[in-house]
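**Student:** Note that the protein sequences, when read in sequence, are chains A and B.
Mapping the first sequence onto my numbering, position 200 (from 1) lands on 361, and the numbers just tick up by one.
Mapping the second sequence onto my numbering, position 6 (from 1) lands on -5, and the numbers just tick up by one.
Sharing a structure with you now.
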Amino acid sequence: MDTLISLLQIGIGAAIINNFVLHYFVGICPFLGVSRKVETAFGMGCAVTFVISIAALLSWTFTYFILRPGAPLPGWVWRVAGGDPATSVDLSVLSYIMYIFVIAASVQFVEMYVRKFFPPLYKSFGVYLPLITTNCAILFACLEIMKNLQDPTRLWGLHEALTLALGGGVGFTLAITLMAGIREELDMCDVPKPLRGPGISLLTAGILAMAFMGFAGVDKSVADALKRLTENGTPRVEHRTLNTEY
Amino acid sequence: MLATVTILLAAAILAVLAVGVAYVLGWANRTFHVAVDPKVEAALDVLPNANCGACGFVGCSEYAEAIARGDAEVTLCAPGGAGCAQRLAEILGVTVEESYPYRAVVHCAAHYDDRLLRTHYSGEATCASANLVAGVQGCTYGCLGFGDCTRACKYDAIHIIDGLATVDYHKCIGCKACARACPRNIISMVPFKQERMFVVACSNQDKGPEVQAVCTVGCIGCTSCTRRAELMQMQGNLPVVDYERYEGNDHFEPALAKCPRASMIYVGKPSPADLVAVADEQLPDRVEADFKTTVDETEWRG
């Protein structure tokens, strides 16, 4: 149950509270570039979710076995080379080049696969796939996974990495679709001349980000409530006059 | 020791990864290869890739596929013109008849001063809206001058000059966007068999007195031109030029000379006389923006 709660916390955290776009400001280029129509924005969101999950799967595998401090592969090489068991080889410098490499390669692979076996799908979001290769939201997810594989006593499992990626993808889809809906409405508004175009788009994004700040702390409260539910059988929400944690 | 092992291991891992990924991608490229008709790719290379939609297909790639299937003529690409059609024909191994570039022609010659019974219109400043309102101007056929065509043109080739949509034939590529945008359907595509083309610049189908009441230049349907030029036929109350058999402008000189109104004009390249007429005029240098000021093509209007 604790695992489930922590997964929920990671997922909701990545999707809503620490939304990739609106909290960390990564993936801004597709967020502003492809948010003109709700349908294309949703397609882009789905494509990002798909690629981010695959990238998370691969990057978790590489990080867990090769890149993290105390990873099995370099440790084994170090012992075979006859090194001192007290020290170890740290390959985390390779993380960026490795992630970019893995993301680009997997996007290529996925593109070819989809083109062969799902031609209609390729037609509808094939154009977005190459764009996603350079999407920083995906690199960000990989780096976040790496950050949680640093401490040998508290290592993320594959399920946690995948939950983060899925949550992040869903959050991206949510943000870009909301933005597209607002921008469709904005077309009919009388925007002051100096703000037209990029100005009003960025203002909208800022206000959207501020709105999402309202979710701060929700994950912890939900986790607390669930924990109490599992311990006592009845949900009791602790009333606090002032939340000093956030 | 630690540094050496780290460097060697890093190099080895990246090398293995590179070889592995290259192998997998190469394998995938062969296994997942989708056979694309080489004609499609060749046709796509020849097409201008403007994706303007003048051919009637969604974009250049759709048109290329249609050509390769044999569903479409090779002459449909307006921006590519005759050269493009010729190369497409070579790819497909068909012969192409001589084709001419189609260019937009506005069938109205009335500037603000020529239009009578105009009233002040303060609604949304688009032709589409003004066209819904009765009495914006006397002539219910002619140009409204609110510039729907200008906004539709991606190539900056049509402008409202003194209330009349005027095509810049240096820039027009014949994509039909303006003709589709015009709510009064007064823009048509004419095959430019010469650099200067003779056109009837009026769309008013009403009888003479009614036209005279609303316009000082519009065609009154007197049939003086159709009696003098064989290639002109009356359709309703308007003469229509037969561009299929159009061969030269000389054929129309007698008709033009006898026209009691100013509803027949030459469009296209200016004649030497036109150039002499404006030779003295001092024009300021054109300032053209070399960047896009908006991130998208959304029309921002109050």
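Beta carbons are placed, not taken as given, at the ideal position from N, Cα and C, and that holds for glycine.
#1: Just the Cα atoms here: how many angstroms apart are A:Ile304 and A:Asp245?
#2: In terms of residues, what are the limits of the beta strand (DSSP E) holding B:His148?
#3: For A:Ile173, which residues does DSSP report across the bridge?
#4: Mind pulling the chain A residues with CB within less than 7 Å of B:Leu(-2)?
#5: In angstroms, rounded to a whole number, what distance separates the CA positions of B:Pro27 and B:Leu14?
#6: Going along chain A, which residues have a C-beta under 7 Å from B:Met(-10)?
#7: When you compare the CB positions of A:Phe262 and B:Val156, do they come within less than 9 Å of one another, or not?
#8: Find the nearest neighbour of B:Arg169 within the set B:Thr139, B:Thr212 and B:Asp195, judged by alpha-carbon distance.
#9: Quick one: complete alpha helix (DSSP H) runs, 4+ long, within the stretch 166 to 218 of chain B?
#10: Using the three-state DSSP reduction, which class does B:Gly257 fall into: helix, strand or coil?
#11: Taking the runs of the beta strand (DSSP E) that are 3 residues or longer, which of them lie wholly in the stretch 176 to 224 of chain A?
#12: Just checking: is the beta-carbon of A:Arg229 within a distance shorter than 9 Å of some beta-carbon in chain B?
#13: If we define contact as Cβ-Cβ less than 9 Å, is B:Asn238 a contact residue for chain A?
#14: Using 8 Å for Cβ pairs, my map puts A:Ala302 next to A:Leu325. What's the rounded Cβ distance?
#15: If we define contact as Cβ-Cβ less than 9 Å, is B:Val8 a contact residue for chain A?
#16: Check whether chain B comes within 9 Å of A:Ile429, counting only Cβ atoms and requiring the distance to be less than that.
#17: Measuring alpha carbon to alpha carbon, tell me which residue in A:Ala298, A:Ile166 and A:Pro291 is nearest A:Val187.
#18: If you count every other CB in all the chains shown that lies within 10 Å of the CB of A:Gln170, and 16 or more means buried, which is it?
#19: Please check if any C-beta of chain A sits within less than 9 Å of the C-beta of B:Leu14.
#20: Compare the C-beta of B:Leu3 against all C-beta atoms of chain A and say whether one is closer than 9 Å.
#21: Using beta-carbon positions only, say whether A:Glu272 and A:Tyr283 come within less than 9 Å of one another.
#22: Could you name the residues of the stretch 264 to 277 of chain A whose beta carbon sits closer than 7 Å to any beta carbon of chain B, in the order they occur along the chain?
#23: For the alpha helix (DSSP H) containing B:Leu220, name the first residue and the last one.
#24: Any Cβ of chain B within less than 9 Å of the Cβ of A:Phe203?
#25: A:Val383 to A:Pro291, Cα distance in whole Å?
#26: Span of the alpha helix (DSSP H) holding A:Ala377?
#27: Which word fits A:Phe278, buried or exposed, when buried means at least 16 other C-beta atoms lie within 10 angstroms of its C-beta?
#28: Would you tell me roughly how many angstroms separate the C-alpha atoms of B:Met(-10) and A:Trp237, rounded to the nearest one?
#29: Count the CB pairs spanning the stretch 182 to 196 of chain A and the stretch 361 to 380 of chain A that are closer than 8 Å, and state whether there are at least three.
#30: Based on the DSSP secondary-structure assignment, which residues constitute the bridge partners of B:Pro228?
#31: Considering Cα atoms alone, identify which of B:Gly210, B:Ala266 and B:Asp274 is closest to B:Lys247.
#32: Can you tell me where the alpha helix (DSSP H) holding B:Leu153 begins and where it ends?
#33: Output the distance between the C-alpha atoms of A:Ser253 and A:Gly172, rounded to the nearest integer angstrom.
#34: Would a check of beta-carbon distances place A:Pro280 closer than 9 Å to chain B?
#35: Which stretch, first to last residue, makes up the alpha helix (DSSP H) that contains B:Gly(-1)?
#36: Determine whether the Cβ of A:Leu319 lies closer than 9 Å to any Cβ atom of chain B.
**Tutor:** This is what the structure holds:
#1: Position 143 of the first sequence holds residue 304 of chain A. Position 84 of the first sequence holds residue 245 of chain A. In the sequence as presented, Ile is not what sits at residue 304 of chain A; that position holds Leu. Computed Cα separation, rounded: 29 Å.
#2: Taking the first residue of the second sequence as 1, we reach residue 148 of chain B at position 159. Start and end: Ile147 to Ile150.
#3: In the first sequence, the residue the question calls residue 173 of chain A occupies position 12. Per DSSP, none; premise fails for A:Ile173.
#4: Working through the second sequence from its first residue, we reach residue -2 of chain B at position 9. Neighbours of B:Leu(-2) on chain A, chain order: Pro235, Val238, Val250 and Leu252.
#5: As a first step, residue 27 of chain B must be located in the second sequence, where it is residue number 38. As a first step, residue 14 of chain B must be located in the second sequence, where it is residue number 25. Cα to Cα, the separation comes out at about 22 Å.
#6: As a position in the second sequence, residue -10 of chain B is number 1, starting the count at 1. By Cβ distance, chain A contributes Gly244.
#7: Indexing the first sequence from 1 puts residue 262 of chain A at position 101. Indexing the second sequence from 1 puts residue 156 of chain B at position 167. No, the Cβ-Cβ distance between A:Phe262 and B:Val156 is not below 9 Å.
#8: Here the question's residue 169 of chain B lines up with position 180 in the second sequence. Checked all of B:Thr139, B:Thr212 and B:Asp195; the closest Cα to B:Arg169 is B:Thr139.
#9: Segments of the alpha helix (DSSP H) lying fully in the stretch 166 to 218 of chain B: 166 to 170, 197 to 203 and 213 to 217.
#10: Counting from one through the second sequence, the residue named residue 257 of chain B turns up at place 268. Here B:Gly257 sits in strand by DSSP.
#11: none
#12: Position 68 of the first sequence, counted from the first residue, corresponds to residue 229 of chain A. A:Arg229 does not count as touching chain B.
#13: Position 249 of the second sequence, counted from the first residue, corresponds to residue 238 of chain B. No, because no Cβ of chain A sits closer than 9 Å to the Cβ of B:Asn238.
#14: On the first sequence, position 141 is the one that residue 302 of chain A refers to. On the first sequence, position 164 is the one that residue 325 of chain A refers to. A:Ala302 to A:Leu325, Cβ: 6 Å. Contact.
#15: Taking the second sequence and counting its residues from 1, one reaches residue 8 of chain B at position 19. Against chain A, the CB of B:Val8 has no partner CB under 9 Å away; the residue lies outside that interface.
#16: Residue numbering for chain A in the displayed model covers 162 to 407; residue 429 of chain A lies beyond these limits and cannot be assessed.
#17: If you number the first sequence from 1, residue 187 of chain A lands on position 26. Out of A:Ala298, A:Ile166 and A:Pro291, A:Ala298 has the C-alpha closest to the C-alpha of A:Val187.
#18: Here residue 170 of chain A refers to the residue found at position 9 of the first sequence. Label assigned to A:Gln170: buried.
#19: Position 25 of the second sequence, counted from the start, is the residue given in the question as residue 14 of chain B. B:Leu14 counts as touching chain A.
#20: Translated into the one-based positions of the second sequence, residue 3 of chain B becomes position 14. So yes, B:Leu3 belongs to the interface.
#21: Start at 1 with the first residue of the first sequence, and residue 272 of chain A comes out as number 111. Start at 1 with the first residue of the first sequence, and residue 283 of chain A comes out as number 122. The answer is yes: Cβ separation under 9 Å.
#22: Ala266, Gln269, Phe270, Met273, Tyr274, Arg276 and Lys277
#23: Within the second sequence, the letter at position 231 stands for residue 220 of chain B. Element bounds for B:Leu220: n/a, residue is neither H nor E.
#24: Reading the first sequence from its first residue, position 42 is the one you call residue 203 of chain A. For A:Phe203, the answer is no, since every Cβ of chain B falls outside 9 Å of its Cβ.
#25: Taking the first sequence and counting its residues from 1, the one referred to as residue 383 of chain A is at position 222. Taking the first sequence and counting its residues from 1, the one referred to as residue 291 of chain A is at position 130. C-alpha of A:Val383 to C-alpha of A:Pro291: approximately 38 Å in a straight line.
#26: Residue 377 of chain A sits at position 216 when you count from the first residue of the first sequence. Per DSSP, A:Ala377 belongs to no alpha helix (DSSP H) and is neither H nor E.
#27: Translated into the one-based positions of the first sequence, residue 278 of chain A becomes position 117. A:Phe278 should be labelled exposed.
#28: Walking along the second sequence from the start, residue -10 of chain B turns up at place 1. Walking along the first sequence from the start, residue 237 of chain A turns up at place 76. Spanning the two alpha carbons is a distance of roughly 15 Å.
#29: yes
#30: Within the second sequence, numbered from 1, the residue matching residue 228 of chain B stands at position 239. Partner(s): B:Met223.
#31: Reading the second sequence from its first residue, position 258 is the one you call residue 247 of chain B. Looking at the Cα atoms, B:Gly210 is the closest of the given residues.
#32: As a working mapping, residue 153 of chain B is identified with position 164 in the second sequence. In this chain, B:Leu153 is not harboured by any alpha helix (DSSP H); it is covered by the beta strand (DSSP E) spanning Leu153 to Val156.
#33: As a working mapping, residue 253 of chain A is identified with position 92 in the first sequence. As a working mapping, residue 172 of chain A is identified with position 11 in the first sequence. Using only the alpha carbons, I get a separation of about 25 Å.
#34: In the first sequence, residue 280 of chain A corresponds to position 119, counting from 1. True, the Cβ-Cβ gap to chain B drops below 9 Å.
#35: Position 10 of the second sequence holds residue -1 of chain B. In the sequence as displayed, the identity of residue -1 of chain B is Ala instead of Gly. First-last of the alpha helix (DSSP H) with B:Ala(-1): Leu(-9) to Thr20.
#36: The residue labelled residue 319 of chain A in the question sits at position 158 within the first sequence. With 9 Å as the cut-off, A:Leu319 does not count as an interface residue toward chain B.
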